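Participant:
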Amino acid sequence: FFVLSFTRSIVGILFISGPLYPFGAGDTMSSRSDDGSSPLIPLSRPFVYFGNAYQQIYVNHNGHLTFNQAWSSYIPYRFPAHSTIDLIAPFWTDLDNRGNGNIFYQQYISGSVLQQATQDINQYFPNLGFSANLVFIATWDRVAYFPNSGTVRLFLWLYMKSNAYCKGNRYNTCEAGYDTINSIHHFSIPGSFQSNFTMFSSTSNVNVAGRWAFRTDHGSRGCTFNGENNTKNTKHRSPIIFDLW
């Protein structure tokens, strides 16, 4: 399970009002570098992403996550891209954490965070019978756009949340969603690549403003709306949530 979230909350608090997952306390902070990435992060449990089981992940500074290698791309492209990588993009745009903001990440294998994830996913997908055994959260906290104009923040874990908007200029075009190798499975959240302060915080596919939830087990395609889906239950279930606030 992954959580990805952009917000404007204060750094260092454990919980925020609303549906946000915890961040700050106990997190690892990524280095300060434009177009940089975290080091390889071993996952305590494998994450099955549309049939591919990954045991590591990279938190890339420009608002996306990859599995096999770090990725510095700062100019988003539209999904489907028919590329050679599996990609989760909670808020892919040109960010620069050298001056403002921090990028954090943490994984959980027990405790209240797993309980909350289990509760949320079973609410959104009532026939799934999901029980979280790993939660990974990545947070972009008030990171500036390049070249240092405005700020945004994000979390990662099988869930994304964001207090973010896209500005329609060269640097601040954004893509939010996911794509897979050869784009067999892909989805762009409505508002991606739109100009004039497109807000993600008021839309949802699970009736919670700003929140998008997706299944990434074998057979999922596109997104599910209002918690309904037509895919079969499988042994490997790895839902993701995007919170866009």
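Counting with mature numbering (1 follows the signal peptide of the UniProt record, and there is no 0), you get residues -26 to -1, 1 to 219 for the letters of the sequence shown.
The beta-carbon is built from N, C-alpha and C at its ideal position, and this holds for glycine as well.
The structure displayed is predicted, hence computed values, not measured ones.
Excluding the five sequence neighbours on either side, which residues of its own chain have a C-beta within less than 6 Å of the C-beta of G196, listed in chain order?
Facilitator: Only weak support is given to the placement of G196: the predicted model assigns it a pLDDT of 41, under 50, and the question is left unresolved by the model.
Participant: Taking the alpha-carbon positions, what's the G85 to S105 distance?
Facilitator: Between G85 and S105, the C-alpha separation is close to 13 Å.
Participant: Please classify Y98: does DSSP put it in a helix, a strand, or coil?
Facilitator: Three-state result, Y98: helix.
Participant: What is the DSSP secondary structure of S157, reduced to helix, strand or coil?
Facilitator: DSSP places S157 in helix when its eight states are reduced to three.
Participant: Our contact map puts Y28 next to L17 with C-beta atoms below 8 Å; I'd like the distance itself, whole angstroms only.
Facilitator: Correct: roughly 7 Å between the Cβ atoms.
Participant: Between the C-alpha atoms of Q89 and I111, what's the straight-line distance to the nearest angstrom?
Facilitator: Cα to Cα, Q89 sits roughly 14 Å from I111.
Participant: What residues match up with W66 in a beta bridge as DSSP calls it?
Facilitator: E149, per the DSSP bridge assignment.
Participant: Which of the three DSSP states is assigned to V180 in this structure?
Facilitator: Coil at V180, not helix or strand.
Participant: Determine the burial state of G103: buried for a count of at least 16 other Cβ atoms within 10 Å of its Cβ, exposed for fewer.
Facilitator: Counting Cβ neighbours within 10 Å, G103 comes out exposed, since fewer than 16 surround it.
Participant: Could you spell out the range, first to last residue, of the beta strand (DSSP E) harbouring F188?
Facilitator: Note, F188: beta strand (DSSP E), 185 to 188.
Participant: Please tell me whether D9 and F78 are closer than 8 Å, where the distance is taken between their beta carbons.
Facilitator: Contact: no.
Participant: Rounded to the nearest angstrom, how far is the Cβ of N26 from that of S11, given a contact under 8 Å?
Facilitator: Contact flag wrong, Cβ pair sits at about 20 Å.
Participant: For R52, does the count of other Cβ atoms within 10 angstroms reach 16, so buried, or fall short, so exposed?
Facilitator: Exposed, because fewer than 16 other Cβ atoms sit within 10 Å of the Cβ of R52.
Participant: Of all the options F216, D94, S4, which has the alpha carbon lying nearest to the alpha carbon of E149?
Facilitator: Among F216, D94, S4, the Cα nearest to that of E149 belongs to F216.
Participant: Let me check one thing: in DSSP terms, what residues is N34 bridge-paired to?
Facilitator: In DSSP, N34 forms a bridge with S11, H38.
Participant: Could you give the residue range of the beta strand (DSSP E) that holds I163?
Facilitator: Run containing I163: none; DSSP gives neither H nor E here.
Participant: Within the same chain, show all residues whose beta-carbon is closer than 8 Å to that of S157, passing over the 5 residues directly before and after it, in chain order.
Facilitator: For S157, where only same-chain residues beyond five positions count, the Cβ hits under 8 Å are F53, P54, A55, H56, S57.
Participant: From H38, R6, V22, pick the residue whose C-alpha is nearest to that of R72; which is it?
Facilitator: The option with the nearest alpha carbon to R72 is R6.
Participant: Classify T58 as helix, strand or coil using the three-state DSSP reduction.
Facilitator: DSSP places T58 in coil when its eight states are reduced to three.
Participant: Assuming S212 and Y23 make a contact with CB atoms under 8 Å, what is their CB distance in whole Å?
Facilitator: With a Cβ gap of about 6 Å, S212 and Y23 count as contacting.
Participant: Is the beta carbon of I163 sitting closer than 8 Å to the one on W186?
Facilitator: Yes, Cβ-Cβ distance for I163 and W186 is below 8 Å.
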